[in-house]
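Contents: one structure, followed by commentary.
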Amino acid sequence: MQNVYSVAQVNSYIKNMFTQDFMLQSISVKGEVSNCKYHSSGHIYFTLKDEKGTIACVMFAGNRGGLDFQMREGQQIVVNGSIDVYERDGKYQLYAKQIRQDGAGALYERFERLKIELEERGMFAQEYKQQIPRYIKRLGVITAPTGAAVRDIIQIATRRNPYVQIILYPAVVQGDLAVPSIVNGIHAMERFEVDTIIVGRGGGSIEDLWAFNEEAVAQAIFDCPVPIISAVGHETDVTIADFVADLRAPTPSAAAELAVYDIEQLQEKLGEYVYTMQHLCRNRIRQYRNKLEHYQMQMKYLNPVNQIREKRTYLLNLEEAVQTGMMHILSEKRHRLALYIEQMKGLSPLEKLSQGYAYASDAGGRTVSRIAQVHPGDEMRVYVKDGVIHTKVIEGHGYLNEYEAEWQ
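Residue numbers for the sequence shown, in my numbering: 812 to 1219.
Structural data, given as structure tokens:
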């Protein structure tokens, strides 16, 4: 009966065969670098190829000490190492221990020559770069109609702004038909009058991306009046189209983010602008209202009617003050007059008459104050409180002489 083996047993047997072959344990292989990836762990994964075949290769981080150059697509290298089977997948690969350059690959040499030529012609100059519009209405996309690149672009652009119209030109992005297809797509987008164009594709080897290293594509991008964003491959992939384009995006997804402004951010900014404008308008209105009130107060103060009213009030106050002053003065004068009257009453002969005294004069009206001024038989007038008494002198009797005689 025929033996039946498991997959693991078969892979283990093949691995032992590779291990027992001393030539495969120390071998040098020459070829062109393709699909080179530097892993975050420090390992380098790449493919070594020639015109008839390919072989998978890996250089572990511990062996990179002897690598004195940056590996790139298209380089011709010689890899020293061992060939062994990766037992889990049942695949053999070249485990590199040393790598040295063996001259640049044909594609890489073409890339460098064209890059130098176009740069000398000024096609990479910054002054020819067009500004990518901030807010676009129509986006042109030139890429393969299927694949992750077009799905990512449409999904991200729609999510960022669903109102942007996306026009897709289904271009051939690999092979002999890729160059005329990409060039025709650029011219078609010019006729559609799009605001921005994304030209690109997903990742791949240098051969897969080579259409974007052709001079015809570079010239079409340079001559296009519409701003173009180049989005070819992954971030580590660099093509001639990246240098000529108005803006390079590391990936197609990033190109969609650069081309289409996020409408939510715009709405947030507009909300902030509205709030700021309302706040500023309220402050400005408040300032003008305060100024208006101030001017109204000034107008009230400067109004002729108010001026006349104020002057009238001032005159009334003055009149009242004058009247008050006059009344005060009159009161003082009346008081002083009353004092003078009282004083005059004390000195008035009439006041004395009312107290029982009399005033005597001769017929001629001369005051009689001494006995010697009259003689018996002379007429006299005696003034009393209520009138005048006409009398004649009968006899005069002097009191002063008696007093004087008594004292003497």
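Note that CB positions come from ideal geometry on N, CA and C, so glycine has one too.
Note that the structure is a prediction, hence the values are computed from the model and not measured.
- Secondary structure at N827: helix, using DSSP grouped into helix, strand and coil.
- Q1184 and D1173 have their C-alpha atoms spaced approximately 9 Å apart.
- Taking G986 as reference, the option from V1195, N972, A955 and I977 with the minimal CA-CA separation is A955.
- Taking C-beta separations shorter than 7 Å and ignoring five residues to either side along the sequence, the partners of A1029 in its chain run L929, M934, I1051, A1052 and V1055, following chain order.
- 8 Å or more divides the Cβ of I888 from the Cβ of D861.
- Cβ contact annotation for I1008 (same chain, cutoff 6 Å, sequence separation greater than five): G951, M1000, V1037 and I1039, in chain order.
- Straight through space, the alpha carbons of T1047 and L878 are spaced by roughly 19 Å.
- For E938, no beta strand (DSSP E) run applies, since DSSP gives it neither H nor E.
- A contact between stretches requires three or more CB pairs, one per stretch, nearer than 8 Å, and the segment 1017-1029 fails this requirement with the segment 1082-1101.
- Scanning G1013, I978, Y939 and G1015 for the CA closest to the CA of C1035 turns up Y939.
- As summarised for the segment 1058-1139, the continuous alpha helix (DSSP H) elements at least 4 residues long and confined to that stretch are 1063-1070 and 1074-1113, given in chain order.
- Fewer than three Cβ pairs drawn from the segment 823-832 and the segment 845-860 lie within less than 8 Å of each other, which leaves the two stretches out of contact.
- Per DSSP, reduced to three states, the secondary structure at D1034 is helical.
- DSSP places P991 in the uninterrupted alpha helix (DSSP H) bounded by A989 to F1003.
- A distance below 6 Å between beta-carbons, with the five flanking residues on each side excluded, links M870 to the following residues of its chain, in chain order: I855 and A907.
- Of the residues I1182, S1165, R1192 and G1188, the one whose Cα lies closest to the Cα of G1176 is R1192.
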